[in-house]
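In the numbering used here, the protein residues as written are 30 to 226.
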């Protein structure tokens, strides 16, 4: 009930569809707007820190990131990952001065990234809307190795379950993925193999 728990509106310069929210390990809110392609950061007191630009700077002035961001994730080592549509995956490493070093990750079989999950071995599993599940084996290398149905996943159907929206990893070795064709359950075997469960 709003009368019991009053709400507060976070300031946004542009109207549009909010696609993702994340609270990072510094208690900052990350908010992405699909329509104006902005990524905003807010402090724990809900005050606006600024807008992320494509060069990794946080601007107090309204500025677009330049890609519609559909998901934001922070992995255990503090790295921020932005999944966009249609521009793929971005890795953000924070510098001491509060700016970010931004790297565009190449090699995905589809650049519509809807979800990002980290497993216990530090690999990243990506839900793509058009390429199914992708995996970054070594996500922090300069050129991460990307595995997908076209180059190494055993038993993953190449023509079905390609429009994946969300991923959940359970029991450290089972992936549940929701797709436009239904739910797919796969088991992680070894370094990169996926087996239909």
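Every residue gets a Cβ at the ideal spot worked out from N, C-alpha and C, and that includes glycine.
In this structure, the CA atom of residue 107 is about 7 Å from the CA atom of residue 54.
Taking the Cβ atoms as the reference, residue 70 lies roughly 14 Å from residue 47, outside the contact range of under 8 Å. Straight across, the Cα-Cα distance linking residue 161 with residue 33 is about 42 Å. Under the three-state reduction of DSSP, residue 190 is assigned to coil, being neither helix nor strand. Around the CB of residue 149, fewer than 16 other CB atoms lie within 10 Å, so the residue is classed as exposed. Sequence-distant Cβ neighbours of residue 79 in its own chain, meaning closer than 7 Å and more than five residues away, are 70, 87, 88 and 89.
Counting along the chain, the unbroken beta strand (DSSP E) around residue 117 starts and ends at 117-123.
Nearest C-alpha to residue 212 among 192, 64, 202 and 135: 192. An exposed status is given to residue 214, since fewer than 16 other beta-carbon atoms sit within 10 Å of its beta-carbon. Judged by their CB atoms, residue 152 and residue 134 are not nearer to each other than the 8 Å cut-off. Around the beta carbon of residue 144, 16 or more other beta carbons sit within 10 angstroms, so the residue counts as buried. Residue 157 places its beta carbon less than 8 Å from that of residue 163. As a beta-bridge residue in DSSP terms, residue 163 pairs with 155.
Straight through space, the alpha carbons of residue 147 and residue 201 are spaced by roughly 10 Å. Relative to residue 210, the option among 139, 194, 169 and 63 whose CA is nearest is 194. Looking from the CA of residue 66, the closest CA among 93, 82 and 119 belongs to 93. Counting along the chain, residue 89 sits inside no beta strand (DSSP E), nor does DSSP assign it H or E at all. Residue range 58-62 is occupied by the beta strand (DSSP E) that includes residue 62.
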